[in-house]
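Written out below as structure tokens is the structure these notes cover.
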Ligand code: ADP
Ligand code: ASP
Ligand code: MG
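In the numbering used here, the protein residues as written are 21 to 467.
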């Protein structure tokens, strides 16, 4: 069995939904995971924020506009009268619930249930559309099997048990459709896997059913060697290893939710990235194999905060680092980068929920400086720290204000901390110095 996941743009218009139909029109049995239509999750978050700030009338206006857009899409997608009526009733019911939500007191639970509407809409519309087109299709509600535990990790045992039961009880179908992104928490409340989480849904499902392959279909021809939103002339990487893809996703490559790779890596299930708008293009195949050494790709992650911790005794006393790390552990805050000197340790975090408390704890034995609006540019590839051409990247240091470097922590990653205002320039210069000035890197990667 295969898992196919289609993102927001892929299901964002009637034309694209027809592309999706053509892509899945083959003999493979499959589970199809869908995101919300593009723009919908953002619109729902905005609506929820309006409710939070008591701007209910504006929220109702937004809900009505979105409802009208969906009515148009339903009309264009479904010509079968009874299916069109049924979908139309479902869509209007979802929007009626959103209007009801404007009368409720704001809470995180209310927010999560509002935001879940996008995937409920897209999957309902798509499943009925496929029925109209003569496919044997079953809609599997994600909230009947997808659950996270108290650590926000997928509850794999529960997911496998319930998903298998649902599939086995409807074994006549060729295509099972389900919602990406949404799930339940341990209290049975609706929650989600964070922005972009449909990718993660797909690989969690892939692992649960031990799929032959998971395919992520999006609006670009696979993983590029740099962020195409900020850099021109980026190139598709035909192959990546799980390790490389996971590092790039963690360090901000938007094409994959940061956690996507983990479930499939565990079971060695191939992960393929494909372009819905160009289905014949090779895309990127991610497996446990590495293809070539050296810098393969660059990604950047924003929202980084740097913390410099100076020992008040001149030298880094024995036990100093232990005390520092214990504080971050107590407040469950992951550290991304770290460097040390004789008197100070600098590190970066992206979760600032407990920053104030962490800083006041640190100040009991150290001087602390905090800087925000930082970004990490991360260079990834197999054995990059040993590759003879890698030092060329240090030319960038003459040109860009690099605040911190992590080199050698792993063989596959070099991280540079820069001010977010310098990120664009850093990515563009890295592209020039690393891939354009040294085409052997590019040649190496296109195999
Ligand atoms: P979907 O809605 O299908 O999940 P996303 O917008 O989440 O799509 O991810 C695809 C987008 O990721 C691309 O359109 C591209 O702008 C962006 N992106 C960022 N970094 C990369 C990269 N290294 N390779 C490919 N795309 C990237
Ligand atoms: N619709 C959700 C989002 O926009 C999940 C996804 O697209 O993967 O974040
Ligand atoms: Mg995405």
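Glycine residues also receive a C-beta, built at the ideal position from the N, C-alpha and C atoms. Source: prediction; values computed, not measured.
Task: residue 436, DSSP secondary structure in three states - done: In this structure, DSSP gives residue 436 an extended state, which the three-state scheme calls strand.
Task: residue 404, enclosing alpha helix (DSSP H) - first and last residue - done: First-last for residue 404: undefined, no H or E at that position.
TODO: Specify the secondary structure class of residue 53 as computed by DSSP and reduced to three states.
DONE: DSSP places residue 53 in strand when its eight states are reduced to three.
Open item on the list: Just verifying my parser: in three-state terms, what is the DSSP assignment at residue 385?
Closed with: It is coil, neither helix nor strand.
Open item on the list: My output table needs one value for residue 352: the three-state DSSP class, helix, strand or coil.
Closed with: Coil.
Open item on the list: Going by C-alpha to C-alpha distance, which of 94, 102 and 129 sits closest to residue 112?
Closed with: With respect to the C-alpha of residue 112, the residue from 94, 102 and 129 having the closest C-alpha is 94.
Open item on the list: Cutting at 6 angstroms between CB atoms, please list the residues of its own chain near residue 302, excluding the five before and the five after it.
Closed with: Here residue 302 has 258 as same chain residues with Cβ atoms under 6 angstroms from its own Cβ, once five neighbours each way along the sequence are excluded.
TODO: In angstroms with no decimal places, state the Cα-to-Cα distance between residue 414 and residue 433.
DONE: Going from the Cα of residue 414 to the Cα of residue 433 covers about 14 angstroms.
TODO: Indicate whether residue 380 and residue 329 have their beta-carbon atoms separated by less than 9 angstroms.
DONE: Contact: no.
- [ ] Report the partner residues of residue 97 according to the DSSP bridge assignment.
- [x] According to DSSP, which records beta bridges pairwise, residue 97 is partnered with nothing at all.
TODO: Please name the residue in 106, 438 and 260 whose C-alpha comes closest to that of residue 357.
DONE: The residue with the shortest Cα to Cα distance from residue 357 is 438.
Task: For residue 318, the nearest candidate out of 443, 80, 189 and 423 (CA to CA) - done: Cα-wise, what sits closest to residue 318 is 443.
- [ ] With hydrogens ignored, establish whether the beta-carbon of residue 277 is closer than 8 angstroms to any heavy atom of ligand 2.
- [x] If you check the C-beta of residue 277 against ligand 2, you find a heavy atom less than 8 angstroms away.
Open item on the list: Spatial neighbours of residue 445 within its chain, please: C-beta separation below 7 angstroms, excluding the five flanking residues on both sides.
Closed with: Scanning its chain for C-beta atoms nearer than 7 angstroms, with the 5 sequence neighbours on each side dropped, one finds around residue 445 the residues 420, in chain order.
Open item on the list: Can you list, in chain order, the residues of its chain with a C-beta nearer than 7 angstroms to that of residue 231? Leave out the 5 residues immediately preceding and following it.
Closed with: Excluding sequence neighbours, residue 231 sits near 21, 22, 23 and 289.
TODO: Please classify residue 478: is it buried, with 16 or more other beta-carbons within 10 angstroms of its beta-carbon, or exposed?
DONE: For the chain, the structure presents residues 21 to 467; residue 478 sits outside this window and is missing.
- [ ] Just the C-alpha distance for residue 436 and residue 423, rounded to the nearest angstrom, thanks.
- [x] Spanning the two alpha carbons is a distance of roughly 7 angstroms.
Task: Extent of the continuous beta strand (DSSP E) run through residue 281 - done: Element bounds for residue 281: not the beta strand (DSSP E) but the alpha helix (DSSP H), 281 to 287.
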